[in-house]
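Residue numbers (the working numbering), protein chains in the order written: chain A, 99 to 297; chain B, 99 to 297.
The C-beta atom is built at its ideal place from N, Cα and C for all residues, glycine as well.
Model, not experiment: these values are computed from the prediction.
2 protein chains.
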Amino acid sequence: MARVAAQDRRQQLIDAAIRVAERDGIAATTTRRIATEAGASLATVHYCFRSKQQLFEEVLRAIITELSEAAQGDIRPGPDARTLLHDGLRALWEIVEKEPGKQQLTYELTHYALRQPGMESFARWQYETSYAACAAHLEGIAAAAGIAWSLPMPVLARMLMTVIDGVVLGWLVDRDSPTAVAALDSLADLFATLAVPPA
Amino acid sequence: MARVAAQDRRQQLIDAAIRVAERDGIAATTTRRIATEAGASLATVHYCFRSKQQLFEEVLRAIITELSEAAQGDIRPGPDARTLLHDGLRALWEIVEKEPGKQQLTYELTHYALRQPGMESFARWQYETSYAACAAHLEGIAAAAGIAWSLPMPVLARMLMTVIDGVVLGWLVDRDSPTAVAALDSLADLFATLAVPPA
DNA sequence: AAGCGTCTTGGACAACTGACTCAGTCAGGG
DNA sequence: CCCTGACTGAGTCAGTTGTCCAAGACGCTT
């Protein structure tokens, strides 16, 4: 094992943990597997992190940060809110279909965090971050299309997140892309009816 | 321990397993805890079930069956599709808020089944059952309100399930009932616009 | 009442995996 | 050349699972 700064080794272990969790699920993400995946010894894991809990917290942080960055789709000026909504969701959908393991992992992490005493805040943070991203996206659309939304932003953001979560979850189970995309498109259509002329 | 027919004892163990899983999560649902919860000995578990896997399969079957039965809300004749949709979702929401543990468990079970080799079919079955229940409900509404739906039923059913899943999942994380209900109501409103006069 | 299946149990076993510890080794910068 | 930080082998200890057993308890039939 090459000698590496502890900070770098930590990052390697976090990356390895994410790979294992994506592939095998969080339940199967043990310190041993993480160590093997990273090509390090088990003891190294405990040298770099005080506990598995701490490692997992870093993993969660990394994934949530990565996700919220990936969701920062640029909004190209478009004809109307409906088109912008469709484009945004389609772009998101491409990412989802490309990395099903990562999506599955985010849900698993949510439930894991909800169950783990002292980690509930991570689940909440995950969703707050997501809602914020949805809100930003919707405000970007309003600005680009010159419209206003006919519902309060917190409710709107939750509705959008709801739609995304629901469609992704359903698709993860049966992988029925045509129906999932059809549902997504129709929901986007419905959503677009909430766009109104600015006050 | 009172003497009980093996068949009844099996049911008791399944019920106990569900209680433990609701309370502590599936990951923490061990054979020993199940036995304790049921007030039976560990040996009884293995007397009644060939393996933990078999017990879990029965648990899944029981929960999915129970859920689909709970979803069979009766549709009272109402003025319009919008009202019927709202009533149905509100009724569902009452159940959700009353038994958050059960909801959390269903999601965990989905992901558990998706990860467990040879149990993916349970996850698919779970969602097929749910979609069927959604479709039945929507058709009931159409009949009761004398309307038709402007989208194919498979897509519609998935959209409804999407909305339910998404709202419940979001609520499980932050328990923000007002916003969740607001989102649910608005989504029901949107959904209602898909009701059209019959052909 | 005796007999005989059907349940029930405590206790044990081996095999495994989990997180975590620690004394000690090694490499490279000063 | 030595010291600090990186690394590790070899453990500890606890938990879970599947399996088995010998023994006992219960209730139904004859």
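At a C-beta separation below 9 Å, G186 (chain A) has no neighbours in chain B, since its nearest C-beta there lies roughly 17 Å away.
The three-state secondary structure of V102 (chain B), taken from DSSP, is coil.
Contiguous alpha helix (DSSP H) elements confined to the segment 145 to 191 of chain A occur at 150 to 168, taking only those with 4 or more residues. Restricting attention to alpha helix (DSSP H) runs no shorter than 4 residues, the segment 242 to 286 of chain A encloses them at 251 to 272, ordered along the chain. Burial is judged here by how many other beta carbons sit within 10 angstroms of a residue's own beta carbon; S248 (chain B) has fewer than 16 and is exposed. At a cut-off of 8 Å between C-beta atoms, V118 (chain B) does not count as an interface residue with respect to chain A.
Cβ-Cβ distances below 8 Å link R130 (chain B) to L140 in the same chain, with the five nearest sequence neighbours on each side left out; the list follows chain order.
Interface with chain B (8 Å Cβ-Cβ cutoff): E135 (chain A) is excluded. Taking 8 Å as the threshold, the shortest C-beta distance from A278 (chain A) to chain B falls below it. Taking 9 Å as the upper bound on Cβ-Cβ separation, chain A lies near residues L249, P250, P252 of the segment 238 to 252 of chain B. If only complete runs of 3 or more residues are kept, the segment 198 to 224 of chain A shows no beta strand (DSSP E) anywhere.
Taking a C-beta cut-off of 9 Å against chain B, none of the residues of the segment 143 to 167 of chain A qualify.
Annotation for L207 (chain A): I124, L158, I161 place their beta carbon closer than 7 Å to its own, counting only its chain and skipping 5 residues before and after. Using a C-beta cut-off of 8 Å, the segment 197 to 204 of chain A makes no contact with the segment 191 to 206 of chain B, since fewer than three inter-stretch Cβ pairs fall below that distance.
In this structure, the straight-line span from the alpha carbon of D113 (chain B) to that of A119 (chain B) is close to 10 Å.
The C-beta of G268 (chain A) has 16 or more other C-beta atoms within 10 Å across all chains shown, which makes the residue buried. Check the Cα spacing between P295 (chain B) and each of B:A211, B:V279, B:M257, B:A243: the tightest is with B:A243. Under the three-state reduction of DSSP, A138 (chain B) is assigned to coil, being neither helix nor strand.
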